[in-house]
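Undergrad: Before we start, here is the structure in question, set down as structure tokens.
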Amino acid sequence: MAGTLTCDFCWRMCAIAPEQRGVCGIREHKDGALRTVGYGSLVASGIDPIEKKPFYHVFPGSSTFSIALFGCNLACAFCQNHHISQKESYLYREIGTQKYITPDSIARKLQSSGSRILSYTYSEPIVWQDYMLDCATIVHNQGDVNCMITNGSFSPSSLERVLPYIDAFNIDVKGDDLFYRTYCHGRLQPVLDAVEKINATSGKVLEVTTLIIEGIHDEHAMSILAGQLQEAKVKVWHLSRFFPHWNMKDRSPTSEACLERMLAIASKSSIPYIYGGN
């Protein structure tokens with residue numbers, strides 16, 4: 022379409038007309054260029070145990086300084102951080118009103134925090150990857166560690182951009198393609214493509230997480246997903262229990278018995294490290 026600019030931050034490759042925004046709501050065509058609305062405006066930050074991300078194979082027992090800007094390119098009905106990721110949130114109307122924090126300041130905050138690990142998390146870093154990369158470049162150059170917790174729905178070009186600077190990825194692989202289309206407004210294949218690409222890149226750590234929703238994730242679908250992750254050479258797979266959030270507040274929490282059944286199915290694969298958790 023004439024006058025549009027294509028955003029390559031994620032698999033959607035939105036063609037954005039002047040004065041409009043992409044599906045994520047924060048990539049905007051303004052004054053002839055694409056920009057991230059709210060660049061540098063943190064909506065969340067804190068010190069977390071690295072296992073909370075979850076990472077079990079990245080400096081176990083250490084802490085990580087975690088940051089987030091607003092936004093996401095999916096709309097998962099069960100999102101526990103919808104207040105900082107979804108356009109329906111009141112915070113969406115306030116994007117950019119938070120104090121601007123420079124990437125240099127983030128790198129200094131990391132060093133003063135007592136941690137050597139910066140995690141881009143809570144919302145979806147793919148849609149604010151320009152800020153993430155500006156921070157990650159400094160963190161990388163000062164010899165510290167960058168971790169990205171993401172839904173993994175990169176475009177090929179955006180994954181190529183971030184790979185040199187991100188040391189460890191935790192990717193949510195949420196279910197089969199029908200699950201993505203029904204509950205997330207997304208697709209599975211771009212996520213699997215990212216998993217395979219990261220695993221084929223030397224020196225990168227990848228851990229995968231799947232949230233188990235009882236009554237939606239069944240034995241057959243989990244068996245297929247286990248095979249796909251095994252084929253993608255996944256080495257670490259976390260299965261976690263669903264608790265009611267956002268547009269799934271009417272559902273019951275996933276029982277421990279259901280999680281154990283899914284763990285048993287996952288364990289039939291050749292994936293070497295499989296963990297259950299809340």
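According to the numbering used here, the sequence shown is numbered sequentially starting from 22. Glycine included, every Cβ here is placed at the ideal spot set by N, Cα and C.
I'd like the span of the beta strand (DSSP E) that includes P177, first residue to last.
TA: Segment 177-183 is the alpha helix (DSSP H) holding P177; no beta strand (DSSP E) there.
Undergrad: At the level of alpha carbons, what is the spacing between Q210 and V229?
TA: Spanning the two alpha carbons is a distance of roughly 15 Å.
Undergrad: Identify the continuous beta strand (DSSP E) that holds Y141 and give its terminal residues.
TA: From DSSP, the beta strand (DSSP E) with Y141 extends over 138-141.
Undergrad: Using 8 Å as the threshold, is the C-beta distance between A128 and V160 below it?
TA: Yes, the pair counts as a contact, with Cβ atoms nearer than the cut-off.
Undergrad: Taking all protein chains shown into account, do 16 or more other C-beta atoms lie within 10 angstroms of the C-beta of I68, making it buried, or fewer, making it exposed?
TA: By the neighbour-count rule (16 or more Cβ atoms within 10 Å), I68 is not buried but exposed.
Undergrad: Considering only C-alpha positions, which residue in the set R42, S84, S126 is nearest to S62?
TA: Of the listed residues, the one whose Cα sits closest to S62 is S126.
Undergrad: For L180 versus I233, is the C-beta distance shorter than 8 Å?
TA: For L180 and I233, no; Cβs fall outside 8 Å.
Undergrad: I'd like the list of long-range same chain contacts for K254, defined as Cβ closer than 7 Å, with 5 residues on each side in sequence excluded.
TA: Closer than 7 Å at the Cβ level, and outside the excluded window around K254, lie N220.
Undergrad: Mind checking which residues open and close the alpha helix (DSSP H) that includes L312?
TA: Since the first residue shown for the chain is 22 and the last is 299, residue 312 is missing from the structure and cannot be characterised.
Undergrad: When the Cα of L26 is compared with those of V44, W32, R33, H50, which residue comes out closest?
TA: Checking every option, the nearest Cα to that of L26 belongs to H50.
Undergrad: How about Q107 and A96: are their beta carbons less than 8 Å apart?
TA: Against a cut-off of 8 Å, the Cβ pair of A96 and Q107 comes out as a contact.
Undergrad: Taking only the alpha-carbon atoms, compute the straight-line gap between P70 and S83 and give it to the nearest angstrom.
TA: Their Cα atoms are separated by approximately 6 Å.
Undergrad: Where in the stretch 231-259 do unbroken runs of the alpha helix (DSSP H), each at least 4 residues long, occur, reported from the N-terminal end onward?
TA: The qualifying runs are 240-252.
Undergrad: Let's test the definition: count the other Cβ atoms within 10 Å of the Cβ of Y111 and tell me whether it reaches 16, buried, or not, exposed.
TA: Y111 should be labelled exposed.
Undergrad: Buried or exposed: S178, going by 16 or more other Cβ atoms within 10 Å of its Cβ?
TA: Looking at its Cβ environment, which holds fewer than 16 other Cβ atoms inside 10 Å, S178 is exposed.
Undergrad: So F30 packs on I147, CB below 8 Å; how close in whole Å?
TA: Confirmed, about 6 Å.
Undergrad: What did DSSP end up calling L55 once you bin it into helix, strand or coil?
TA: The answer is strand: DSSP assigns L55 an E or B state.
Undergrad: Does the Cβ-Cβ distance between K225 and F263 come in under 8 Å?
TA: Result no, Cβ atoms of K225 and F263 do not sit closer than 8 Å.
Undergrad: In the DSSP assignment, find the beta strand (DSSP E) that holds M169 and state where it starts and stops.
TA: First-last of the beta strand (DSSP E) with M169: 166-171.
Undergrad: Closest to G117 by CA distance: which of G46, I245, T142 is it?
TA: Looking at the Cα atoms, G46 is the closest of the given residues.
Undergrad: Relative to the C-alpha of D188, which residue among F80, D214, D271 is closest?
TA: With distances taken between Cα atoms, D188 lies closest to F80.
Undergrad: Please tell me whether L227 and I192 are closer than 8 Å, where the distance is taken between their beta carbons.
TA: Result yes, Cβ atoms of L227 and I192 sit closer than 8 Å.
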